[in-house]
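Number of protein chains: 2
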Amino acid sequence: MAQQKIRNMEEFAAVSGISRPTLSKYFNDPGSVRRSTRQRIETALEQYDYRPNVFAVNQNRARTKNIGIVVPNLADPFFSEIGSKVELACISAGYSPILLSSHGNPALERDNLESLRSLKPAGVLLAPFGRVSDQKDIESFNRDVPVVLFDANVEGTCEAFVGTNNFQSVDLIVEYLCRSGEPPCFFEMKSPTNPNANKRRQAYLESMARHGHTPHIYRAEGDGWNFEDIGSAEGGRFLSERAFRTDTVLCSNDRLAIGMLSAAYRQGKRVGLGEGCELRIAGHDDHPFARYTCPSLTTIAQDYAAIANRAVNTLFGILDTDQRPSIREETLFDGKLVMRDSA
Amino acid sequence: MAQQKIRNMEEFAAVSGISRPTLSKYFNDPGSVRRSTRQRIETALEQYDYRPNVFAVNQNRARTKNIGIVVPNLADPFFSEIGSKVELACISAGYSPILLSSHGNPALERDNLESLRSLKPAGVLLAPFGRVSDQKDIESFNRDVPVVLFDANVEGTCEAFVGTNNFQSVDLIVEYLCRSGEPPCFFEMKSPTNPNANKRRQAYLESMARHGHTPHIYRAEGDGWNFEDIGSAEGGRFLSERAFRTDTVLCSNDRLAIGMLSAAYRQGKRVGLGEGCELRIAGHDDHPFARYTCPSLTTIAQDYAAIANRAVNTLFGILDTDQRPSIREETLFDGKLVMRDSA
DNA sequence: TCTAAAAATTTACACGCGTTAAGAAATCAT
DNA sequence: ATGATTTCTTAACGCGTGTAAATTTTTAGA
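Residue numbers (this note's numbering), protein chains in the order written: chain A, 77 to 419; chain B, 77 to 419.
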C-alpha cells in the first residue's frame with residue numbers, strides 16, 4: 077500500500093501521471109472524466125494514500141457538500157431516531173451530514189445555526205423548537221442557506237415543512253377510543269413549547285365535537301424536557317385525586333403517557349382494555365419504548381422514515397435545481413394507529 | 077449593526093483600523109494583544125459582522141480546535157446521555173466538538189474515524205464497540221491523533237480509558253440481592269459485543285463465589301442493538317418455560333431488564349419485593365427510563381458525569397502539555413446502587 | 001485515413017488566512 | 001526626557017485546491 081506519504085494533489089498528480097486539474101475534476105465528480113482516466117486514478121488511489129484536504133477544498137467554495145441537521149434534543153429517542161434516519165439518507169446521497177442537538181435549550185439552537193453558517197452548508201434540515209425558537213434568527217439564517225423544516229412547523233418560514241398530520245392522527249385515535257369504550261379526555265403540558273402539542277389539542281377538540289362528545293382537557297404543570305417525570309408526577313396526582321372525568325386518557329405524546337403509566341402502576345391501577353382494568357391510556361408518536369411499557373402503549377405511529385426521506389429529498393431537490401422554490405411546500409404524512417394493550 | 081458585508085480579514089482590517097496580522101493574533105488568542113487594541117477590535121466586531129473563514133483558518137494547521145466524539149449508537153439513551161455531557165464539556169472548554177454516532181454498525185465506526193481524520197481534530201473521545209471494533213484502525217488513527225477511550229475499553233490502545241468498575245458495581249448489586257432475598261442468576265446476551273458485558277459476567281461469577289453461592293448464567297439468542305426486544309422475547313421465553321433456577325434475575329444491562337420486565341408483565345408475573353411478588357429483576361446502568369419501568373428498576377447507576385468529565389479532562393491534559401503520556405492511564409469509577417421497586 | 005469533437009494538459013491566478021522579518025510606534029522604567 | 005521593551009504595521013510568501021484559457025492529445029465517426 078502506501079509507499080510514500082502524499083502531501084497534496086500536486087504530488088499525487090506526479091505519482092499517478094494525471095494532471096492536477098483533471099484530478100480536481102475527478103474528486104468533484106468522478107463521472108466527469110473519461111472512463112479510462114478514472115480507472116487510472118482509482119488504481120493510483122489504491123496504491124497511494126491520498127485524500128484532498130477538506131479545508132483547502134472548501135475554502136473558496138460558496139457552498140460545500142455539508143448538510144446541517146439540527147434537532148432540539150438528541151436525548152429524546154424520538155429525535156435520535158429521526159435524526160439518524162435523516163443523517164443516513166444524507167450520507168447515501170453523497171453529502172456530509174452534521175447532526176447537532178440543541179440539548180433542549182433554544183439558545184443553543186441559535187448557536188448551532190451560527191456554527192453551521194461558518195461551515196457553509198449546502199442546506200440545513202431543521203427540527204425547530206417552534207414557539208420558543210428565535211424566528212428572526214431562523215429567517216436570517218434561511219436567507220443565506222436553504223432550510224427544510226421537519227417535525228415542527230414555523231409558519232411561513234424556510235423553503236418547506238414536512239411533518240405529521242396531527243388532525244388526521246388525533247382524529248384517528250380519538251375515533252378508535254370512542255368506538256372501543258369511553259370517549260377520552262386529553263392530558264398535556266400546560267405550556268408546551270412544541271407547536272405539534274397545540275395542533276393536537278385543537279385536533280382533539282374538533283374531533284370530540286365531530287363525534288358529539290364533550291371534551292375535557294387536563295394540563296400538567298412543569299417545564300423542561302423531562303416529560304416522563306412530568307407525566308408521572310402530575311398525571312399521578314390527577315389519578316390519585318380522581319381528577320380525570322373519564323377513565324380514558326389520551327396523552328399529548330408518548331413520553332407523558334410513559335410517565336403516567338408508571339404512576340398508574342405505582343397506584344395499583346390496572347391499565348388496559350381487559351377485565352379488571354379501570355383505566356385506559358393512549359399516547360402519540362410511537363416512541364421507541366412504547367412497546368415495552370407495562371402495559372404496552374396504544375399510540376399513533378408517526379411515519380419517521382417517510383418524514384425523514386421527504387425532508388431530505390425536498391432539500392436535495394432544491395440543491396439540484398439550485399434555486400429556491402417559489403412556493404413553500406408543506407407535506408403532512410398520516411399517522412397510523414398502533415393498537416397495543418394500554419387502550 | 078452590519079453596515080456593509082465584510083468579506084475577509086483584509087476588509088475588516090481596513091474598517092477597524094487594525095492591521096491584519098494583529099487581527100490574526102487576536103482571533104487565535106485574544107489575550108495576546110494589548111488591552112486597548114483588543115477593545116478597539118471588539119468594538120469594531122460589534123459594528124461589523126465578521127468571523128474568520130473556518131476553512132481558511134484550518135487549511136495550514138496541523139491540528140485544529142476540533143474534538144471528535146464517537147459513540148456506537150446515539151439511539152441508545154445511555155450514549156446520547158453521556159455523549160451530550162462530553163459534548164457540552166468540550167464546548168465550555170472552548171473546543172468545537174463533533175459528535176458522531178456509528179449507528180450500531182462497527183463499519184461506521186471506521187468510517188467515522190476516517191471522516192474525523194480529515195478534520196484534523198486536536199483529539200478524539202471514543203466509546204468503541206469493543207471486541208468488534210477494528211483495533212488496527214483505532215491504533216492507526218491513534219498514531220495521528222490523541223484518543224481517550226470511554227465506556228468500553230480496548231486493552232492497551234490509545235492514551236487512556238475511563239469507565240465504570242464493573243467488578244465493584246456488580247459485586248455491590250449481587251451483595252444487595254443476596255442480602256435482601258434469593259441470590260441472583262445472571263441474564264445476558266449470548267454474544268455480547270461490548271467488553272463490559274464480559275466483565276460483568278466475570279464479576280458475577282466471582283461475586284457469587286465470594287458469597288458462597290452457586291452461579292447460574294442464562295444467555296439470550298439474538299444479535300443487533302435491539303436489546304429490549306431480545307430481553308422481552310428471550311427473557312419472556314425463559315420465564316414462561318420456568319427456566320430460571322432462581323426468582324431473582326440480574327440482567328447484564330438495563331435495556332435487557334426493561335425488555336424482560338415487559339415480558340413479565342405480559343405473563344402476569346408480579347415483579348418486586350413486596351407481598352405477592354414472584355420475581356425480582358435488576359439491571360445495570362441506570363438507563364434514563366429505568367425509573368419509569370413498571371415496577372421501577374433497581375439497578376446500578378454509572379457516574380455518567382464523572383466519566384464524561386474525567387475523559388474530557390484527561391484529553392485536555394494531553395492537549396495542553398502537547399505530548400502523549402508515557403503511561404496509559406485507566407480510571408474506573410464506582411457504580412452506585414439505586415434501589416427501586418423491581419428488586 | 002481523415003476530421004471534428006471530446007478530453008486532458010499546461011500555465012497561471014485566486015481564495016482567506018498564518019506567519020515571518022524589518023521597521024515604526026507606543027509604552028514602560030528610570 | 002531617555003533608552004529599553006513591548007506591541008503594532010507593512011510587505012511578502014506559502015498553504016492546497018478551484019478554475020479559467022490556451023494548447024495538445026485522444027477518441028469517435030465517416
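Just so you know, even glycine gets a beta-carbon here, dropped at the ideal spot from N, CA and C. Owing to the predicted nature of the structure, the values given are computational and were not obtained by experimental measurement.
Open item on the list: Considering only DSSP beta bridges, list what K161 (chain B) is partnered with.
Closed with: Answer by DSSP bridge pairing: none, since K161 (chain B) is not bridged.
Open item on the list: Between the alpha carbons of G180 (chain A) and A333 (chain B), how many angstroms are there, rounded?
Closed with: Rounded to whole angstroms, G180 (chain A) to A333 (chain B) spans 28 Å at the Cα level.
TODO: Determine which residues share a DSSP beta bridge with Y294 (chain B) and list them.
DONE: Bridge partners of Y294 (chain B): B:F263.
Open item on the list: Between L332 (chain A) and chain B, is the shortest Cβ-Cβ distance under 9 Å, so that the two count as touching?
Closed with: False, the Cβ-Cβ gap to chain B never drops below 9 Å.
Open item on the list: For a contact defined as C-beta to C-beta under 8 Å, what are the partners of N129 (chain A) on chain B?
Closed with: Those are Q135, S194, listed as they occur along chain B.
TODO: Determine the DSSP secondary structure at V246 (chain B), reduced to helix, strand or coil.
DONE: Here DSSP, grouped into helix, strand and coil, assigns V246 (chain B) to helix.
- [ ] Buried or exposed for G348 (chain A), please, with buried defined as at least 16 other CB atoms from any protein chain shown within 10 angstroms of its CB.
- [x] Around the CB of G348 (chain A), 16 or more other CB atoms lie within 10 Å, so the residue is classed as buried.
Open item on the list: Less than 9 Å between the C-beta atoms of P260 (chain B) and A340 (chain B), yes or no?
Closed with: Cβ distance not < 9 Å, so P260 (chain B) and A340 (chain B) don't count as in contact.
Task: Stretch-stretch touch, CB-based, cutoff 8 Å, three pairs: the stretch 246-266 of chain B with the stretch 226-238 of chain B - done: In the pairwise beta carbon analysis, the stretch 246-266 of chain B is classified as not touching the stretch 226-238 of chain B: fewer than three pairs are separated by under 8 Å.
- [ ] Would you decide whether T269 (chain A) is buried or exposed? Buried here means 16 or more other CB atoms lie within 10 Å of its CB.
- [x] If you draw a 10 Å sphere on the C-beta of T269 (chain A), you find 16 or more other C-beta atoms in it, and that means buried.
TODO: Count the other C-beta atoms from every protein chain shown that fall within 10 angstroms of the C-beta of P97 (chain A), then say buried if there are 16 or more, exposed otherwise.
DONE: Under this definition P97 (chain A) is an exposed residue.
Task: Segment contact, 8 Å Cβ cut-off, at least three pairs: the stretch 319-331 of chain A with the stretch 357-371 of chain A - done: Three or more Cβ pairs closer than 8 Å define a contact, and the stretch 319-331 of chain A meets that threshold against the stretch 357-371 of chain A.
Open item on the list: Determine, for G335 (chain B), whether the minimum Cβ-Cβ distance to residues of chain A falls below 9 Å.
Closed with: It does: the Cβ of G335 (chain B) has a partner Cβ on chain A nearer than 9 Å.
Task: Cβ distance (whole Å) where S92 (chain A) is taken to contact R116 (chain A) below 8 Å - done: Yes, they are in contact, since the Cβ atoms of S92 (chain A) and R116 (chain A) sit about 7 Å apart, within 8 Å.
Open item on the list: Which of the three DSSP states is assigned to L99 (chain A) in this structure?
Closed with: DSSP, reduced to helix, strand and coil, places L99 (chain A) within a helical segment of the structure shown.
Open item on the list: Less than 9 Å between CB atoms is the rule here; does Y368 (chain A) satisfy it with respect to chain B?
Closed with: Residue contact check for Y368 (chain A) against chain B: a CB pair falls below 9 Å.
Task: CB contact flag (L413 (chain B), T369 (chain B), <9 Å) - done: In this structure, L413 (chain B) lies away from T369 (chain B), with their beta-carbon atoms at least 9 Å apart.
- [ ] Tell me, please, whether the CB atom of S372 (chain B) is closer than 9 Å to any CB atom in chain A?
- [x] Answer yes: the Cβ-Cβ gap between S372 (chain B) and chain A drops below 9 Å somewhere.
TODO: Count the other CB atoms, across all protein chains shown, that sit within 10 Å of the CB of S178 (chain A); report buried if there are 16 or more and exposed otherwise.
DONE: S178 (chain A) should be labelled buried.
Task: Contact with chain A by S402 (chain B), beta-carbon distance below 9 Å - done: Not closer than 9 Å to any Cβ of chain A, the Cβ of S402 (chain B) fails to qualify, so no.
- [ ] Identify the contact partners of F226 (chain A) in chain B, using a Cβ-Cβ distance below 8 Å as the criterion.
- [x] Near F226 (chain A) there are no residues of chain B at all, since even the closest Cβ is about 17 Å away, more than 8 Å.
TODO: Could you confirm whether any beta carbon from chain A is found closer than 9 Å to the beta carbon of D417 (chain B)?
DONE: The beta-carbon of D417 (chain B) is placed less than 9 Å from the nearest beta-carbon of chain A.
Task: Best match in B:N302, B:A309, B:N104 for proximity to G137 (chain B) [C-alpha to C-alpha] - done: The amino acid occupying residue 137 (chain B) in the given sequence is Arg; Gly does not appear at that position. The residue from B:N302, B:A309, B:N104 with its alpha-carbon nearest to that of R137 (chain B) is B:N104.
- [ ] Would you kindly report the start and end of the unbroken alpha helix (DSSP H) that includes F303 (chain B)?
- [x] Element bounds for F303 (chain B): 303-316.
Open item on the list: Mapping the DSSP letters down to three states, classify K196 (chain B) as helix, strand or coil.
Closed with: K196 (chain B) falls in the coil class under three-state DSSP.
TODO: Determine the DSSP secondary structure at I167 (chain A), reduced to helix, strand or coil.
DONE: Residue state, collapsed to three classes: helix.
Task: Where the alpha helix (DSSP H) through I117 (chain A) begins and ends - done: From DSSP, the alpha helix (DSSP H) with I117 (chain A) extends over 111-123.
Open item on the list: Residues of chain A with CB closer than 7 Å to the CB of S156 (chain B), please, in chain order.
Closed with: Those within 7 Å of S156 (chain B) in chain A are L150, A151, S156.
- [ ] For the alpha helix (DSSP H) holding S92 (chain A), just list the boundary residues, first then last.
- [x] For S92 (chain A), the enclosing alpha helix (DSSP H) starts and ends at 85-92.
Open item on the list: Is it buried or exposed, T390 (chain B), if we count other Cβ atoms within 10 angstroms and call 16 or more buried?
Closed with: Residue environment for T390 (chain B): buried (at least 16 other C-beta atoms within 10 angstroms of its C-beta).
Open item on the list: Our contact map puts L192 (chain A) next to G144 (chain A) with C-beta atoms below 8 Å; I'd like the distance itself, whole angstroms only.
Closed with: So it is a contact: roughly 4 Å between Cβ atoms.
Open item on the list: For K412 (chain A), list the residues DSSP reports as bridge partners.
Closed with: DSSP output for K412 (chain A) lists A:A377 as bridge partner(s).
Open item on the list: I want to check one thing, is the minimum distance from the CB of L349 (chain A) to the heavy atoms of the ligand NAD below 8 Å?
Closed with: Among the components modelled here there is no ligand, and therefore nothing to report on the ligand NAD.
Task: Within-9 Å CB hit, H360 (chain B) to chain A - done: So no, H360 (chain B) is outside the interface.
Open item on the list: If contact is defined by three or more beta carbon pairs under 8 Å, each pair taking one atom from either stretch, is the stretch 305-312 of chain A in contact with the stretch 271-279 of chain A?
Closed with: With a cut-off of 8 Å, the stretch 305-312 of chain A and the stretch 271-279 of chain A do not count as touching, because too few Cβ pairs lie within range.
Open item on the list: Using the Cβ count rule (16 or more neighbours within 10 Å means buried), how would you classify P222 (chain A)?
Closed with: Result: buried.
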